[in-house]
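Worksheet: the structure to be examined is printed underneath.
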Amino acid sequence: MTVEVKTPEETIEHSNELDVIHLPPKVEEALVNILNITDPLDTPGFEPVECINQIFPNEHSLRSIDSVLDKLGFRIRKIDHQLKVLVRSQTDADEETARELEVTKKTMEELFVKITLIKQKAKDSENIVQDITKDIKSLDYAKRNLTATITALRRLQMLVTAVDQLKIFAEERQYKEAGQILQAVLQLQSHFKSYQNVKQVHSITESVDSIQQNLKEQVSEDFQAGFNSQGVLKRTPQDLNDMCSLIEVIGEGFRTKMIDWFCDLHLREYRKLFTGDDEVAALDNTSRRFAWLRRLLKVYDEEYTSVFPLKWKVNEILCETFCMITRSDLNDVLAKSSDLDVTLLIKVLHLTVAFENQLARRFSSSNVTEVNSRASNASKEANSKFTKIVSICFEPYLSRYVEAQEKSLNEMFNNFRSKELEADTDPSISVFSSSTDLLYFYRETLAQCSKLSNRKPLFDLSKVFAKWLDIYGKEILLDKLPKDDKKILTKEELKLIGLVLNTTDYCLTSVAQLEEKLTEQIDENFKQHVSLEKQREAFLGVINSCVRVLVQGIDTLCESKLNAMTKVTWGTVDTAKNQLEYVTGLGTILEENVAIIRQSITNEKYFRTFCDKFVGTFINRYMTNIFKCKRITESVAERMLSDIQVVKAILLRLPFSGMPESGTPPSTYVKFVNKGASRLEGLLKVILAPMTPQENPDAFIEKYILLCPDATFINYQKVLELKGLKRPEMQPFLDAYHKKIPNPPSENSPHMYPLTLGLNLSDATHATTQYVSTTSSLASAKFRKLMAGMAMKKEPSNNGI
Numbered sequence: 001m002t003v004e005v006k007t008p009e010e011t012i013e014h015s016n017e018l019d020v021i022h023l024p025p026k027v028e029e030a031l032v033n034i035l036n037i038t039d040p041l042d043t044p045g046f047e048p049v050e051c052i053n054q055i056f057p058n059e060h061s062l063r064s065i066d067s068v069l070d071k072l073g074f075r076i077r078k079i080d081h082q083l084k085v086l087v088r089s090q091t092d093a094d095e096e097t098a099r100e101l102e103v104t105k106k107t108m109e110e111l112f113v114k115i116t117l118i119k120q121k122a123k124d125s126e127n128i129v130q131d132i133t134k135d136i137k138s139l140d141y142a143k144r145n146l147t148a149t150i151t152a153l154r155r156l157q158m159l160v161t162a163v164d165q166l167k168i169f170a171e172e173r174q175y176k177e178a179g180q181i182l183q184a185v186l187q188l189q190s191h192f193k194s195y196q197n198v199k200q201v202h203s204i205t206e207s208v209d210s211i212q213q214n215l216k217e218q219v220s221e222d223f224q225a226g227f228n229s230q231g232v233l234k235r236t237p238q239d240l241n242d243m244c245s246l247i248e249v250i251g252e253g254f255r256t257k258m259i260d261w262f263c264d265l266h267l268r269e270y271r272k273l274f275t276g277d278d279e280v281a282a283l284d285n286t287s288r289r290f291a292w293l294r295r296l297l298k299v300y301d302e303e304y305t306s307v308f309p310l311k312w313k314v315n316e317i318l319c320e321t322f323c324m325i326t327r328s329d330l331n332d333v334l335a336k337s338s339d340l341d342v343t344l345l346i347k348v349l350h351l352t353v354a355f356e357n358q359l360a361r362r363f364s365s366s367n368v369t370e371v372n373s374r375a376s377n378a379s380k381e382a383n384s385k386f387t388k389i390v391s392i393c394f395e396p397y398l399s400r401y402v403e404a405q406e407k408s409l410n411e412m413f414n415n416f417r418s419k420e421l422e423a424d425t426d427p428s429i430s431v432f433s434s435s436t437d438l439l440y441f442y443r444e445t446l447a448q449c450s451k452l453s454n455r456k457p458l459f460d461l462s463k464v465f466a467k468w469l470d471i472y473g474k475e476i477l478l479d480k481l482p483k484d485d486k487k488i489l490t491k492e493e494l495k496l497i498g499l500v501l502n503t504t505d506y507c508l509t510s511v512a513q514l515e516e517k518l519t520e521q522i523d524e525n526f527k528q529h530v531s532l533e534k535q536r537e538a539f540l541g542v543i544n545s546c547v548r549v550l551v552q553g554i555d556t557l558c559e560s561k562l563n564a565m566t567k568v569t570w571g572t573v574d575t576a577k578n579q580l581e582y583v584t585g586l587g588t589i590l591e592e593n594v595a596i597i598r599q600s601i602t603n604e605k606y607f608r609t610f611c612d613k614f615v616g617t618f619i620n621r622y623m624t625n626i627f628k629c630k631r632i633t634e635s636v637a638e639r640m641l642s643d644i645q646v647v648k649a650i651l652l653r654l655p656f657s658g659m660p661e662s663g664t665p666p667s668t669y670v671k672f673v674n675k676g677a678s679r680l681e682g683l684l685k686v687i688l689a690p691m692t693p694q695e696n697p698d699a700f701i702e703k704y705i706l707l708c709p710d711a712t713f714i715n716y717q718k719v720l721e722l723k724g725l726k727r728p729e730m731q732p733f734l735d736a737y738h739k740k741i742p743n744p745p746s747e748n749s750p751h752m753y754p755l756t757l758g759l760n761l762s763d764a765t766h767a768t769t770q771y772v773s774t775t776s777s778l779a780s781a782k783f784r785k786l787m788a789g790m791a792m793k794k795e796p797s798n799n800g801i
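Numbering follows full-length UniProt numbering, in which position 398 of the sequence shown is assigned residue number 398; successive positions increment by one, without gaps.
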């Protein structure tokens, strides 16, 4: 028996009376494991109906319903008793908790009272301690004040004594001792800045200032008197060194003033000798300027090194002043030069840069330790104050240097244009010598100009480089390619085109390196403006032109053999013969001429590109010639299919032309050849398909769309003509095509078959690609239906499908 279960509507009033707690399944499972529940009534998934059906499986079991009810009643009473015990224990626990809480509150109140009492006692203890230590604090303050007073008095006594000694040393001109005492006086005086309102201290400060001013005038007079008008020493170096010790103490401003006086004294003769319109001040005598300074530095090293402290760097300041005067003089000379000789300008500039580098090395090596590396010294030399300190004045005139380089390039290109082709086609070279000459000139000029200036002149030179690279690509390289696309190329012309391609590839690589060098060496302000991207693109265009000319040249060579296919009298051809003459001729032409191309091109990737492009062009040409045939019977179509397999094998060997053994062609190339051959085979298989006026035209049209990638109405009509159908026999198939495809592409549509007569091959390739993408959806829509029909009924192999 089964127990009927009430609907939710019937039990809703009872379920609302109880609050059922639903725990997550994982919690329920954990409780079962922890409590070790075995009673099915306590399990989370207890089903009352199922349990009742188990207890009373049939009507006879209902006899024991009273005993079951008694057991359930006993179970209910037991559970009620357990609940009462639990409720009672919970009530007792609440009362105990309340009592404990009251005890805790009383304990906290007592603790608060004790803490308050402790704080009060601590405050009283602090007041007692302060009363005890009050006198001790007073004594401590007095001790501090007394110590400060004694220290100030001692310093004041030392200051007064030092001032008296300073006066004596100043009167006796003992400058070394005066410098030492003055340094001590200035240090002691710094402690009395806050005591200037004290009369005695203020008086001592005024006395020190007066003595210091007198020392300045006195030591300045004695120092200048130590040199005659030519800068020769009149006093001993030790006396002058003692004066320098005092000058160092007086202050940096006074020291700078004395150094400037020394530099002006020793450069006075230089100004008189090299300033003006005299011949000695001319640009070509610049080397004499630098020689004059070298002699002065030699005198300095011999006589003045012991006079000045090393940290003053007087020789460095002397050279810097000399460079500033020289730059001003050269600016005037260059501005007055109406007809400036570029050769002289570059020569002088090189001398100037070398002189600057010499100074940079001299004064950077004196500031580096022995552990510094050569690279570190070079870096410091590049960042030296002497870098471009004089040569910067030449920069506005370096435009003439750039113009001179452009003039040299113009002469170089005139030689390139007049060069004999025999020298260019020398089998021992792989690139034109003109390209190596040009790039070598670029490298040398770049290295030279970067030493002269890395700013605007170098940027202008980069624009000159770009200009003549464009000219080289357009007028030198492209000019060597044949202008007539239909011309039959000789073997020498094929080699020449390969040489042009190799040269362009060499230029492409070298231009990238040239741009990198320019970017490395030019100033940061010009880096973002340096680019030879257009020149690289132009050389890529030349490479594409070379590949295109090679493809068209080989295609033109094959044209006569492919045209021979249309002139074959197919009715008299022995179809059992292995190979026709035009197929053999194609193999010979491709083997001989492509071998020359492969040997001429040094970069393998461009030869692979040539092979890919030629296969596409050749397949289009081959299909065009199939359409030129008047009629193709089944036997002729089978013969052509056999020829296509031979041609396919020839194309697959194309990458290994001229080699004794054929390797494995690249997989992409094999797929490309197979795809092109499939187009030709599909067309011939459609021609092989049997067709009679009584046959359903739709089946033939579906085969045509599936097998011919170039499925257009024009080509469809040509296929019917190739099958030999006359106009009345053709009409039902044309009408069926119009019904199946309501709007076929017209002759002016870009989606029609591109290889009609008179259409350019490169344009045809592009048009074919467009059409394939357009017709692919139509072919795929018919594919499943046609394949199902072909699977049900296989035609004999001699029908070609």
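By construction, the Cβ of each residue, glycine as well, lies at the ideal position given by its N, Cα and C atoms.
Every value quoted in this text rests on a predicted model; they were computed, and no experiment measured them.
| query | result |
| --- | --- |
| Reduced DSSP secondary structure (H/G/I, E/B, other) of Ala375 | Reliability of the predicted coordinates at Ala375 is poor, the pLDDT of 43 falling under 50, and the value obtained from them is presented with this limitation in mind. Ala375: helix per DSSP, three-state reduction. |
| Limits of the alpha helix (DSSP H) - the one that Leu218 falls within | Contrary to the premise, residue 218 reads as Gln rather than Leu in this sequence. Element bounds for Gln218: 199-225. |
| Given 8 Å, three or more beta-carbon pairs between the segment 251-268 and the segment 179-193 | no |
| DSSP state of Leu156 mapped onto helix, strand, coil | helix |
| Proximity below 7 Å, CB of Leu310 to CB of Cys393 | no |
| Simplified DSSP state of Leu722, which is helix, strand or coil | helix |
| Top-ranked residue by Cα proximity to Gln521, from Phe656, Leu439, Leu446, Glu100 | Leu446 |
| Short Cβ contact (7 Å threshold) for Leu246 with Ala178 | yes |
| Burial state of Phe432 (16 or more Cβ within 10 Å) | buried |
| Where Thr765 falls: helix, strand or coil (DSSP) | At Thr765 the pLDDT is 38, less than 50, meaning the model places this residue with poor confidence; the figure from the coordinates comes in the next sentence. Thr765: helix per DSSP, three-state reduction. |
| Proximity to Ser306 [Cα-Cα], best of Leu233, Leu267, Arg268, Ser287 | Leu233 |
| Boundaries of the alpha helix (DSSP H) in which Ala335 is found, first to last residue | 314-336 |
| Beta-carbon proximity check, Val249 vs Gln200, cutoff 7 Å | no |
| Buried/exposed call for Ile650, threshold 16 Cβ in 10 Å | buried |
| DSSP state of Asp341 mapped onto helix, strand, coil | coil |
| Leu296 in three-state terms, based on DSSP | helix |
| Burial state of Ile65, where buried means 16 or more other Cβ atoms lie within 10 Å | exposed |
| Euclidean distance between Cα positions of Glu10 and His60 | For Glu10, the predicted model reports a pLDDT of 44, less than 50, meaning its position is unreliable; a value from the coordinates is still stated below. Roughly 29 Å between the two C-alpha positions. |
| Exposure of Ser373, with buried meaning 16 or more beta-carbon neighbours within 10 Å | Because Ser373 carries a pLDDT of 45, less than 50, the predicted location of this residue cannot be relied on, and no value is offered for it. |
| Rounded C-alpha distance that separates Cys263 from Arg443 | 43 Å |
| DSSP state of Leu23 mapped onto helix, strand, coil | coil |
| Segment contact flag, the segment 488-495 with the segment 550-568, C-beta cutoff 8 Å, min 3 pairs | yes |
| Within 7 Å, strictly: CB atoms of Phe672 and Val615 | yes |
| Element boundaries [alpha helix (DSSP H), containing Val431] | From DSSP, Val431 is part of no alpha helix (DSSP H); its letter is neither H nor E. |
| Cβ-Cβ distance between Ile687 and Ile632 below 7 Å | yes |
| Beta-bridge pairing of Leu233 - partner residues as DSSP gives them | Phe227 |
| Uninterrupted alpha helix (DSSP H) stretches inside the segment 557-634 (no shorter than 4 residues) | 581-600, 604-628 |
| Contact under 7 Å by Cβ, Asp284 with Leu344 | yes |
| Where Ile488 falls: helix, strand or coil (DSSP) | coil |
| Nearest residue (CA-CA) to Gln238, options Ala281, Tyr304, Arg598 | Tyr304 |
| Buried or exposed (CB count within 10 angstroms, at least 16 for buried), Lys723 | buried |
| Where Gly553 falls: helix, strand or coil (DSSP) | helix |
| Span of the alpha helix (DSSP H) around Leu265 | 252-274 |
| Rounded separation between residue 814 and Lys134 - CA only | This structure gives no information on residue 814, because the portion of the chain shown stretches from 1 to 801. |
| C-alpha gap between Leu508 and Glu533, whole angstroms | 10 Å |
| Between the CA atoms of Glu29 and Leu35 - distance to the nearest angstrom | 10 Å |
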